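*Asks:* Can you keep this structure in mind? I'll have questions shortly.
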Ligand SMILES: Nc1ncnc2c1ncn2[C@@H]1O[C@H](COP(=O)(O)OP(=O)(O)O)[C@@H](O)[C@H]1O
Ligand SMILES: [Mg+2]
């Protein structure tokens, strides 16, 4: 026997030294105190059930009545088919009248622009370094923006929040105008079919033949032919109107649909220092295009509870775009808007926002003031309409922070 076979001797072979410890047939019963189970109780005696009752005999249902004989209705004499008369051109076509384009000043719903009351006002966002600002934090030092020797390539900032009425458009116009005061060339891109950015700069969007839509979808016109110069020097506008609402559907079928805006803006990137994209209030394909084209996102956040809650969803979308479409996208900052220092609610929301988002919250805070709706009527940025007002100063302070980031 080889060593291997002896080693492989199976365990428990009878007669082997390592025979099992369990009882075999000849071994005594292992449980000497075991009692057999007692006899099960006898079932109760059989009780006959009640005598079987025959069911009632089957009753056929009532005799089936055939439906009444179909009576054809009175014969309608069919009209003889008349072939259509052959097309007769009318002698004189009535001239097509095109309604004159309604400019905002002729619009029956327009308001007369008020002359600005440009009194000197203090803005709490523009206090000395280290003093406690409206965010409740000591203000950080923001260096004086350096003058530029040459322009471009532009930093693209998407101004984005899926909630409406939080100050996206207002911030695009006024931040853009404030940036030009520091020698920056700015292109504002109206990326909302409502065209509010165009209206806010005194340009009636429905009167425009060519807008961003034509460049984005039809690839037809040259971008330079669509861009409009605004009343602010060094600030141009790529306008939009209701046509853009169709783009969201049309883009779906395009290859690289998320990068359509990036392709559109590429030819002018070198001409500007900042391109501000005013997004529509949704997280749809247009907004994703803006985020895919952007280097940074600026989030205006209204100092109200609901706005704060919507910010989490927006952060989620931004993160997805960062991961899947545009790794260079970063959050430039969160701008608290519509802040009312007199209300506890505003201050509470502000404290929560600063606690949650930390340093990305700008030290500059935009107060709620009727001055902003008034500038929209005037069709001018606040930095020009009321240059010494608190609102103008706040957007200048914001421009410095944006340049510094
Ligand atoms: N800081 C502010 N205080 C008061 N009203 C404001 C302020 N910012 C914007 N508004 C007004 O609120 C309305 C919505 O602002 P808008 O910038 O169009 O928001 P969005 O573009 O986010 O929809 C406009 O009538 C605007 O004039
Ligand atoms: Mg808007």
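Numbering (my numbering), first residue to last: 1 to 405.
Here a beta-carbon is modelled for each residue, glycine too, at the ideal position from N, C-alpha and C.
None of these values were measured; they are calculated from a predicted model.
(1) Is it right to say residue 246 is buried, meaning 16 or more other beta carbons lie within 10 angstroms of its own, or is it exposed?
(2) First and last residue of the alpha helix (DSSP H) that includes residue 139?
(3) Identify, in the order they occur along the chain, each residue of the same chain with its Cβ nearer than 7 Å to the Cβ of residue 375, setting aside the five sequence neighbours on each side.
(4) Which residues mark the beginning and the end of the beta strand (DSSP E) in which residue 274 is found?
(5) When you compare only the Cα positions, how much space is there between residue 345 and residue 139?
(6) Going by DSSP, what residues sit across from residue 297 in a beta bridge?
(7) Since residue 413 contacts residue 203 with CB under 8 Å, what's their CB separation in whole angstroms?
(8) Can we say the segment 301-308 touches the segment 261-281, given the rule of at least three CB pairs closer than 8 Å?
(9) Helix, strand or coil for residue 229, going by three-state DSSP, please let me know.
(10) Are there any heavy atoms of ligand 2 lying less than 7 Å away from the beta-carbon of residue 207, as far as the coordinates show?
(11) Excluding the 5 residues preceding and the 5 following residue 236 in the sequence, name in chain order all residues of the same chain whose CB lies nearer than 6 Å to its CB.
(12) Please state whether DSSP places residue 377 in a helix, a strand or coil.
(13) Tell me where the beta strand (DSSP E) around residue 367 begins and ends.
(14) What I want to know is whether the C-beta of residue 163 ends up closer than 7 Å to one or more non-hydrogen atoms of ligand 2.
(15) Indicate whether residue 153 and residue 223 have their beta-carbon atoms separated by less than 8 Å.
(16) So residue 405 packs on residue 333, CB below 8 Å; how close in whole Å?
(17) At the level of alpha carbons, what is the spacing between residue 353 and residue 361?
(18) Determine contact between the segment 169-184 and the segment 202-222, defined as no fewer than three beta-carbon pairs at a distance below 8 Å.
(19) Between residue 170 and ligand 1, is the CB less than 7 Å from at least one heavy atom?
(20) Quick one: using the 10 Å Cβ neighbour count with 16 as the cut-off for buried, is residue 242 buried or exposed?
(21) Going by C-alpha distance, which of 240, 156 and 367 is nearest residue 402?
(22) Could you name the residues that DSSP lists as bridge partners for residue 302?
(23) For residue 471, is the classification buried or exposed, using 16 other Cβ atoms within 10 angstroms of its Cβ as the cut-off for buried?
(24) Going by the C-beta, is residue 373 closer than 7 Å to any heavy atom of ligand 1?
(25) Tell me which residues share the same chain as residue 377 and place their Cβ nearer than 6 Å to its Cβ, disregarding the 5 neighbours each side in the sequence.
(26) Is the beta carbon of residue 368 closer than 8 Å to that of residue 338?
(27) Leaving out the 5 sequence neighbours to the left and right, which residues in its chain are closer than 7 Å to residue 200 when beta-carbon positions are compared?
(28) Going by DSSP in three states, residue 316 sits in which element: helix, strand or coil?
(29) With a threshold of 8 Å, are at least 3 pairs of Cβ atoms found where one atom belongs to the segment 250-260 and the other to the segment 120-137?
(30) Could you tell me how far apart the beta carbons of residue 365 and residue 131 are, in whole angstroms, since I believe they sit closer than 8 Å?
(31) In whole angstroms, what separates the C-alpha of residue 302 from that of residue 314?
(32) Could you pull the DSSP bridge partners for residue 191 from this structure?
(33) When the Cα atoms are used, what is the spatial distance from residue 212 to residue 197?
(34) With DSSP as the reference, please indicate the residues paired to residue 236 in a beta bridge.
(35) With a 10 Å radius around its C-beta and 16 neighbouring C-beta atoms as the bar for buried, classify residue 239 as buried or exposed.
(36) Candidates 295, 185 and 258: which alpha carbon is nearest residue 328's?
*Replies:* Judging by the given coordinates:
(1) Label assigned to residue 246: exposed.
(2) For residue 139, no alpha helix (DSSP H) encloses it, and the DSSP letter there is neither H nor E.
(3) So the qualifying residues of the chain are 381, 382 and 385.
(4) In this chain, the beta strand (DSSP E) harbouring residue 274 covers 274-279.
(5) Distance between the alpha carbons of residue 345 and residue 139 is about 22 Å.
(6) According to DSSP, residue 297 bridges with 158 and 331.
(7) As displayed, the chain neither begins before 1 nor continues past 405, which places residue 413 out of reach and without an answer.
(8) Taking 8 Å as the limit for Cβ pairs, the verdict is that the segment 261-281 does not touch the segment 301-308.
(9) Here residue 229 sits in strand by DSSP.
(10) Checking every heavy atom of ligand 2 against the Cβ of residue 207, none is found closer than 7 Å.
(11) 187, 227 and 229.
(12) In the structure shown, residue 377 sits in a helix (DSSP, three-state: H, G or I).
(13) Start and end: 361-367.
(14) Every heavy atom of ligand 2 is 7 Å or more from the Cβ of residue 163, so no.
(15) Cβ atoms of residue 153 and residue 223: not closer than 8 Å.
(16) Here residue 405 really is in contact with residue 333; their C-beta atoms are around 6 Å apart, less than 8 Å.
(17) Going from the Cα of residue 353 to the Cα of residue 361 covers about 8 Å.
(18) Touching, no, given that fewer than three Cβ pairs across the two stretches are closer than 8 Å.
(19) Residue 170 Cβ: within cutoff of ligand 1.
(20) With fewer than 16 other Cβ atoms from the protein chains shown falling within 10 Å of its own Cβ, residue 242 counts as exposed.
(21) Ranking 240, 156 and 367 by Cα distance to residue 402 puts 156 first.
(22) Looking at the DSSP assignment, residue 302 forms a beta bridge with 337.
(23) As shown, the chain starts at 1 and ends at 405. That puts residue 471 outside it, with no answer to give.
(24) The nearest non-hydrogen atom of ligand 1 is less than 7 Å from the C-beta of residue 373.
(25) Contacts found: 111 and 113.
(26) Result yes, Cβ atoms of residue 338 and residue 368 sit closer than 8 Å.
(27) Taken in chain order, the residues that qualify are 169, 173, 376 and 379.
(28) Looking at residue 316 - three-state DSSP - the assignment turns out to be helix.
(29) For the pair of segments examined, the segment 250-260 was found not to touch the segment 120-137: the number of CB pairs separated by less than 8 Å stays below three.
(30) Not a contact, Cβ separation roughly 13 Å.
(31) So the two alpha carbons sit approximately 14 Å from each other.
(32) In DSSP, residue 191 forms a bridge with 279.
(33) Taking C-alpha positions only, residue 212 is separated from residue 197 by approximately 13 Å.
(34) Beta-bridge pairing by DSSP links residue 236 to 187 and 229.
(35) Buried is the call here.
(36) Nearest neighbour of residue 328 by Cα position, chosen from 295, 185 and 258, turns out to be 295.
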